[in-house]
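Here the sequence shown is numbered in this note's numbering, starting from 1 and rising by one per residue. Every residue, glycine too, gets a C-beta built ideally from N, C-alpha and C. Please read these numbers as outputs of a predicted model, since none were measured by experiment.
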Amino acid sequence: MSIAQRYAGFLTRESHCAKTPVKGEAIRQAANKLLALDKENARLRADSDRLEWLLRNVSGEEFRRLGIVYSAGCQRTDIDGAMCEQDASL
1 MSIAQRYAGF LTRESHCAKT PVKGEAIRQA ANKLLALDKE NARLRADSDR
51 LEWLLRNVSG EEFRRLGIVY SAGCQRTDID GAMCEQDASL
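What follows is the structure, given as structure tokens:
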């Protein structure tokens, strides 16, 4: 569990003790936004890991051998497939 998830849980619990309903709703919205940002951060980290993997492991010739064309084949699924193929060969 990430720190953001723990803090969102704390905010949600605190929202039940808020002195006014408006303040409670604002705290709940902040908790929900924090969770959404945490999910987005995880997605962006996964993309960053994919790109780092490409830079470390794949040359231009290897791109062509794997069937990845710069203009059309650099989708997440293409990169994940190439990563799995290389991991399987090790």
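| query | result |
| --- | --- |
| Under a three-way DSSP split, which group does V58 fall into? | coil |
| Tell me whether I68 sits in a helix, a strand or coil according to DSSP, three-state version. | coil |
| Of all the options C84, A8, R76, A88, which has the alpha carbon lying nearest to the alpha carbon of R45? | R76 |
| Just tell me which of W53, Q86, R56 has its CA closest to the CA of R65. | Q86 |
| Taking Cβ positions, are A8 and L35 nearer each other than 8 Å? | yes |
| Among R28, I79, A4, which residue has its Cα nearest to the Cα of F63? | I79 |
| So for Q75, helix, strand or coil by DSSP? | coil |
| Quick one: what does DSSP say M83 is sitting in, helix, strand or coil? | helix |
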